[in-house]
Amino acid sequence: NCEQIEIGDNSRIDDFCVLSGKIKIGRNVHITPMCLVAGGEKGIIFEDFTTIAYGVQVFTQSDDYSGSTMTNSTIPKEYKNEFMQEVILKRYSIVGTGSVIMPGVILDEGTSVGAMSLVLKSTEPWGIYVGNPAKRLKDRKKDLLELEKLTQGGLPMIISVLGKLSISAMELLKSKMFFTSQFKLKL
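Residues in the sequence shown are numbered consecutively from 11, following our numbering.
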């Protein structure tokens, strides 16, 4: 189903992942090893700078487990009641290893999901969520928004952002790291 999958610049899909159905992957997205991304008919959107860690599973459809209908892929649709809804991981979302994202969930901007969490409901922006079912633990810092500018604006932007982060240009040069518009290079 490669015609249903879009992949943006600088994104990476590691070994032993299964991607199926409708999937849109933005820029600088990382899907680490052994993940299952089941886009189905409704689809999954990974916005820029999102990450799913080892063994994460993302689903856009699920059978009705109540016993009211039959279940599984071998049963004709008229005997099943499948729940199908799009899943969206907004910018800067990160999902910890072994977590499961269920149909209809929107991880709002900056959401961090701890390892082994079960996400059944959409999140609020810039929160850290953990548990089964996942619940908001606390706010997530937004420092990474300033750091993103380092990767995009060239030297004038770097100097401007460093001032805001209390890091001197000399400290940056001492660390022998320099950021270009697309790559982090060692000097």
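Glycine included, every Cβ here is placed at the ideal spot set by N, Cα and C.
message: With distance defined between alpha-carbon atoms, name the residue in Gly31, Lys32 and Gly65 nearest to aspartate 25.
response: The shortest Cα separation from aspartate 25 among Gly31, Lys32 and Gly65 belongs to Gly65.
- prompt: If we ignore side chains and look at the alpha-carbon of each, how far apart do phenylalanine 189 and leucine 160 end up?
  reply: Its pLDDT being 47, under 50, phenylalanine 189 is placed unreliably by the model, and the measurement read from it follows with that caveat. Taking the straight line from one Cα to the other gives about 6 angstroms.
message: Check for me: the alpha helix (DSSP H) holding leucine 157 runs from which residue to which?
response: 153-160
field: Reduced DSSP category for lysine 87 - H, G, I as helix; E, B as strand; rest coil
entry: When DSSP states are grouped into helix, strand and coil, lysine 87 belongs to the helix group.
message: Rounded to the nearest angstrom, what separates arginine 22 and arginine 150 at their Cα positions?
response: Rounded to the nearest whole angstrom, the C-alpha separation of arginine 22 and arginine 150 is 24 angstroms.
- request: Would you tell me roughly how many angstroms separate the C-alpha atoms of lysine 131 and isoleucine 41, rounded to the nearest one?
  value: 21 angstroms
message: Looking only at its chain, what residues have a beta carbon closer than 8 angstroms to the beta carbon of lysine 148, apart from the 5 residues adjacent to it on each side?
response: Gly137 and Ile138
Given 8 angstroms, three or more beta-carbon pairs between the region 112-126 and the region 74-91: no
field: Where glutamate 92 sits in the DSSP three-state scheme
entry: coil
query: Straight-line CA distance for methionine 44 to asparagine 38?
result: 19 angstroms
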